[in-house]
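Everything below concerns the one structure shown next.
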């Protein structure tokens, strides 16, 4: 179903039904409305000590992954040109887990998978607006960083969801129905947008040793480095599954935006996002099979 939705997105972009402006509007709609509703809905479950333990585990795993990705970004791309190095470092730190990972976590692991994915993404969103931005420009001030993080719609949705889960309070039934109806659009719209990104690719121009190396690192090596210790430590299968699946996501689309804005290699950034996303259509099912 997910791959069919991606194919639909590719088709509607190819035939001109949706243009660049429409694609951007859909992306904004997902990030600022549909995904936050999806997150709030996923937190409306009965709280238990087991859930608290899972939240703590996946938060710590995500934090360690982010620290590891920052170190890898510093160490592995020193021999590339400065413009490419910025894109590769940022793409290593900030994957597309926030946009692509949530619907996949829900599709593979159910509603609790989405809840855990929302917690997993908190360290990544913080890193995205701090270390990630410094790859392209000067470090933001602590005040600016705090504002960016705390006002992000998905972070706000996590806080609202946690409040509802911990207190047991619920919005009026009609509001729950509205939140559910909007949130249920997440998988369909998100995957179609991924298809639209792929529609812009010319396969003949995507083969590049730096892109191939990054793709293997992002889609195979990093999740493997997460999966092995989780297995050795006998982590909860759901926590491990969500952590590995989200660690195996391709380069985030914001790589291209920041590269264009801050004198990175914008053309290379587009190829990096498109090729790693296309490759993830092969690796994601394999990871899903391994983790289930």
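Numbering (this note's numbering), first residue to last: 162 to 453.
Glycine residues also receive a C-beta, built at the ideal position from the N, C-alpha and C atoms.
For clarity, every value in this text was computed on a predicted model and none was experimentally measured.
Identity of the residues DSSP links to residue 256 by a beta bridge: Translated into the one-based positions of the chain shown, residue 256 becomes position 95. Per DSSP, 412.
Cβ distance (whole Å) where residue 414 is taken to contact residue 257 below 8 Å: As a working note, residue 414 is residue 253 in the chain shown. As a working note, residue 257 is residue 96 in the chain shown. So it is a contact: roughly 7 Å between Cβ atoms.
Through-space distance from residue 381 to residue 329, alpha-carbon basis: In the chain shown, residue 329 corresponds to position 168, counting from 1. In the chain shown, residue 381 corresponds to position 220, counting from 1. Approximately 40 Å between the Cα atoms of the pair.
Straight-line Cα distance separating residue 379 from residue 226: Walking along the chain shown from the start, residue 226 turns up at place 65. Walking along the chain shown from the start, residue 379 turns up at place 218. The straight-line gap from Cα to Cα measures roughly 12 Å.
Backbone secondary structure at residue 292 - three-state DSSP: Position 131 of the chain shown, counted from the first residue, corresponds to residue 292. Here residue 292 sits in helix by DSSP.
Beta-carbon proximity of residue 222 to residue 348, cut-off 9 Å: For the purposes of this step, residue 222 is identified with residue 61 of the chain shown, where counting begins at 1. For the purposes of this step, residue 348 is identified with residue 187 of the chain shown, where counting begins at 1. Contact: no.
Neighbourhood of residue 315 by C-beta distance below 8 Å, restricted to the same chain and skipping five residues each side: Residue 315 sits at position 154 when you count from the first residue of the chain shown. Once the five neighbours on either side are set aside, the close Cβ partners of residue 315 are 192, 196, 197, 200, 259, 279, 282 and 286.
Buried or exposed (CB count within 10 angstroms, at least 16 for buried), residue 292: By 1-based counting over the chain shown, the position of residue 292 is 131. Buried: at least 16 other Cβ atoms inside 10 Å.
Simplified DSSP state of residue 217, which is helix, strand or coil: Position 56 of the chain shown, counted from the first residue, corresponds to residue 217. Three-state DSSP puts residue 217 in a helix.
Rounded Cβ spacing between residue 250 and residue 234 (contact assumed at less than 8 Å): Position 89 of the chain shown, counted from the first residue, corresponds to residue 250. Position 73 of the chain shown, counted from the first residue, corresponds to residue 234. About 4 Å; that satisfies the 8 Å criterion.
The alpha helix (DSSP H) enclosing residue 117, as first and last residue numbers: Not covered by the structure: residue 117. The range shown for the chain is 162 to 453.
Environment of residue 320 [buried if 16+ CB atoms lie within 10 Å]: Translated into positions along the chain shown, residue 320 becomes position 159. Result: exposed.
Within 9 Å, strictly: CB atoms of residue 325 and residue 204: By one-based count along the chain shown, residue 325 stands at place 164. By one-based count along the chain shown, residue 204 stands at place 43. Closer than 9 Å, so yes.
Residue burial classification, residue 263 (beta-carbon count within 10 angstroms, cutoff 16): If you number the chain shown from 1, residue 263 lands on position 102. When all chains shown are included, residue 263 counts as buried.
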